[in-house]
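Just below is one structure, and these are the notes that go with it.
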Amino acid sequence: MNQQLRAISELDRVIHEPGRLMIVALLSAFKECDFLYLLHETEMNKGNLSSHLARLEEAAYVEIQKNVSRQSAPNRASAHVGRSQSI
Numbered sequence: 000m001n002q003q004l005r006a007i008s009e010l011d012r013v014i015h016e017p018g019r020l021m022i023v024a025l026l027s028a029f030k031e032c033d034f035l036y037l038l039h040e041t042e043m044n045k046g047n048l049s050s051h052l053a054r055l056e057e058a059a060y061v062e063i064q065k066n067v068s069r070q071s072a073p074n075r076a077s078a079h080v081g082r083s084q085s086i
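Next up, the structure:
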């Protein structure tokens, strides 16, 4: 197998699913953003976006901060590249 094919085969499937890649790409421009912003920008439905965010959080690509107070800001997400370095 040549070097380019080997590199493709080693891609992290968690991050390279199109919906999750779109989320991380959006988050890379900001330290954090809220759920409604991601919902608007990705044009996903709430369930789909929540599912992708949960998967990214599970893999330590994003950190989700949930607010329960109705007066506080909406849920926020921040991204981490390579599971350890901040964007």
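Per numbering that gives the first Met the number 0, the very first residue in the sequence shown carries number 0; after that it's consecutive. Virtual Cβ for every residue (Gly too), placed ideally from N, Cα, C. Predicted model only: the values in this text are computed from it and were never measured.
CA nearest to the CA of residue i, picked from the options
i, options, result
"E62", "Q2, A6, F34", "F34"
"M21", "A6, K65, Y60, E9", "Y60"
"A24", "S8, R12, T41", "T41"
"K65", "S8, N47, A28, C32", "C32"
"E56", "Y36, L26, H39, M43", "L26"
Extent of the continuous beta strand (DSSP E) run through residue i
i, result
"V13", "First-last for V13: undefined, no H or E at that position."
Residue span of the alpha helix (DSSP H) that contains residue i, given as start and end
i, result
"E57", "45–57"
"E40", "34–41"
"A6", "2–8"
Outcome for residue i when other beta-carbon atoms lying within 10 angstroms are tallied against a minimum of 16
i, result
"L10", "exposed"
"S8", "exposed"
"L4", "exposed"
Are the segment 42–52 and the segment 6–19 touching, with three or more C-beta to C-beta distances below 8 Å?
They touch, by the three-pair rule.
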